[in-house]
Every structure is written in C-alpha cells, then in structure tokens.
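Visitor: Here the working numbering is used: position 178 in the sequence shown is 178, and no number is missing along the way.
Quick reminder that beta carbons are idealized off the backbone N, C-alpha and C, glycines included.
Only a predicted model underlies this, so the values are computations on that prediction, with no experimental measurement involved.
The following block contains the structure, expressed as structure tokens.
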Amino acid sequence: MKVVLLAGGLGTRLSEETELKPKPMVEVGGKPVIWHIMKMYSAFGYNEFVICLGYKGYLIKEYFANYYLHQSDVVIDLANNSLEWLGSKAEPWKVALKETGLNTMTGGRIKKAADLIQQERFMLTYGDGVSNVDISKLVEFHESHGKLCTVTSVQPAGRFGALNIASNDSVKSFIEKPKGDGAWVNGGFFVCERGVLDYIKDDNTIWEKAPLENLAKDGQLMTYRHNGLWKPMDTLRDKTELETLWTSGKAEWKNW
C-alpha cells in the first residue's frame with residue numbers, strides 16, 4: 001500500500017522558516033519533518049511514498065535526489081574526478097515526487113497523484129504532522145468496516161492552563177494545557193479506497209470540505225480514535241516544542 005503525503009502548501013503561519021523552504025522540509029533534530037513521518041510509516045513496513053509537491057517543491061526533489069550521497073561516506077578524488085562509496089545508511093524507500101501545482105487545493109493534489117497510486121487502497125496524511133498512531137491497528141480498523149475512508153481523529157491539547165473556579169473565586173483545580181473541549185478533530189493519517197477520488201471534482205477542491213463532508217453524508221467515512229501523541233507543525237512555537245521533545249529523548253513518534 002502506498003502512502004500519499006500532502007506537501008505542497010505555503011505554510012504561511014510558519015513564515016520564519018517557510019520563506020526559504022516548504023514546510024515539510026523544516027527540520028526537527030536535523031531532519032526534515034517529512035522524513036520523520038516517512039520513518040514512522042516505514043517502521044510498519046510501508047516504504048512506497050507519493051509526495052504531492054507545490055510550493056518550493058524543487059527543494060524536496062533535490063533532497064531525495066541527493067539522499068544517498070548525504071547518507072553515505074565517500075571519497076572524492078578531485079584529480080581524477082571520481083567518487084568512491086564507502087557505505088550508506090539510505091532508507092528502503094521508493095519515492096514518487098508529483099508536481100501538483102502551486103495553487104492547487106488539497107483535494108486537487110490527491111486527484112493529480114491518482115496515476116501514481118494505482119492500487120485500490122492507499123494511505124494519506126499531511127507532510128507536517130507527527131504522531132505515535134499505530135498504523136497497523138489503523139489499517140486493521142479500516143479493513144474491518146468496509147467503508148471508503150478512515151480518518152484518524154485526535155483531541156489536541158489546549159494552548160493554556162485551565163482553571164476550575166469556585167463561586168467564591170477560589171481555584172478548585174488547575175490543569176496545565178489540558179485536552180481541548182472534548183471535540184475530536186481531523187488528525188490526518190487516512191486510509192482510503194480508490195473510490196474516494198470520485199468525490200474530488202477538480203484542482204479547487206479542498207479535501208477537508210466537500211469530499212469528506214459528502215463521504216460522511218453517504219455513510220462512507222469512519223474514524224479511528226487516537227488518544228496518544230499527535231502534533232502538527234503549524235507555527236514556530238510548534239517547531240520549538242517538537243525540537244524540545246526530540247532533544248530530550250521524549251519524541252514519542254520515534255518508533256524506529
């Protein structure tokens with residue numbers, strides 16, 4: 001089963017980093033966040049990826065085109081213009097890089113990558129968010145219900161500490177950054193049947209609007225509830241938090 005990664009957005013809320021690179025190439029622990037996501041899938045045996053490119057997609061192309069060189073020890077003989085490989089730590093990945101347009105919406109990017117998906121079933125997620133979701137259990141859940149699409153739902157943490165205040169203004173309890181208001185939100189990490197492509201009209205289709213709304217209306221959308229770590233990298237603050245988790249050895253998404 002192939003994994004489709006949406007990696008074409010502008011990443012405007014992370015402009016400090018994305019002025020020079022696409023958001024999936026912003027680094028955590030010295031590696032692009034998209035690398036972390038691919039390592040997560042690879043740990044479950046999924047090594048074929050389709051990356052939907054858009055904004056500054058050439059930088060993602062260059063990264064993977066030179067991946068073997070960057071991961072290897074080499075001896076370069078300048079006099080003879082020769083290169084000797086001493087060893088490699090390259091991944092067992094097959095990566096298809098699909099240009100899907102600068103202004104194409106998320107649904108349109110998926111549709112444009114249809115020729116590279118081929119199989120009836122594929123996985124799909126965003127190129128800027130990590131999680132410790134159990135991919136094997138996610139796929140097992142999808143296979144159990146027979147619908148067209150499964151979305152992983154999560155409960156993100158709140159941004160601020162929550163106060164439980166009594167009538168006399170005393171604080172009965174305090175919880176630092178609790179789970180949100182109890183709502184489950186789209187966490188990405190989809191499993192899709194090829195039939196979902198019929199719900200995408202054109203380049204202007206936003207995956208999170210008409211396609212998912214109509215899949216739900218038709219009874220073809222199920223959700224896998226994930227209570228563990230889920231962290232999107234939307235802002236510089238998010239990047240800093242991910243970096244802190246990585247350097248402190250608390251990166252729960254690291255399953256390799």
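Counting beta carbon pairs with one atom in the segment 119 to 127 and one in the segment 76 to 88, are three or more of them shorter than 8 Å?
Guide: Not touching, per the Cβ criterion.
Visitor: Do Ser167 and His226 come within 8 Å of each other at the CB atom, strictly closer than that value?
Guide: In this structure, Ser167 does not lie closer than 8 Å to His226 by Cβ.
Visitor: Can the beta-carbon of Met1 be found less than 8 Å from the beta-carbon of Gln119?
Guide: Yes.
Visitor: Determine the direct distance from the alpha carbon of Val95 to that of Phe64, and round the result to whole angstroms.
Guide: Spanning the two alpha carbons is a distance of roughly 8 Å.
Visitor: Expressed to the nearest angstrom, what Euclidean distance is found between the alpha-carbon atoms of Ile60 and Gly54?
Guide: Using only the alpha carbons, I get a separation of about 10 Å.
Visitor: So Phe44 is in the alpha helix (DSSP H); what residue range does that whole segment cover?
Guide: From DSSP, Phe44 is part of no alpha helix (DSSP H); its letter is neither H nor E.
Visitor: Determine whether the beta carbon atoms of Val191 and Val130 lie at a separation below 8 Å.
Guide: The answer is no: Cβ separation not under 8 Å.
Visitor: Going along the chain, which unbroken runs of the alpha helix (DSSP H) with 4 or more residues stay wholly within the segment 101 to 128?
Guide: The qualifying runs are 106 to 112 and 114 to 117.
Visitor: Less than 6 Å between C-beta atoms, sequence neighbours within five positions excluded: which residues of the same chain meet that for His145?
Guide: So the list reads Met222, once near-sequence residues are dropped.
Visitor: Just to confirm my understanding: we take Asp73, look at its own chain, exclude 5 residues before and 5 after, and list those with CB closer than 6 Å. What are they?
Guide: Leu86 and Gly87, listed in sequence order.
Visitor: Closest to Asp203 by C-alpha separation, out of Asn103, Lys254 and Pro232, would be which residue?
Guide: Measuring from the Cα of Asp203, the nearest candidate turns out to be Asn103.
Visitor: Please state the DSSP three-state secondary structure of His77.
Guide: Checking the sequence, you will find Asp at residue 77 rather than His. Strand at Asp77.
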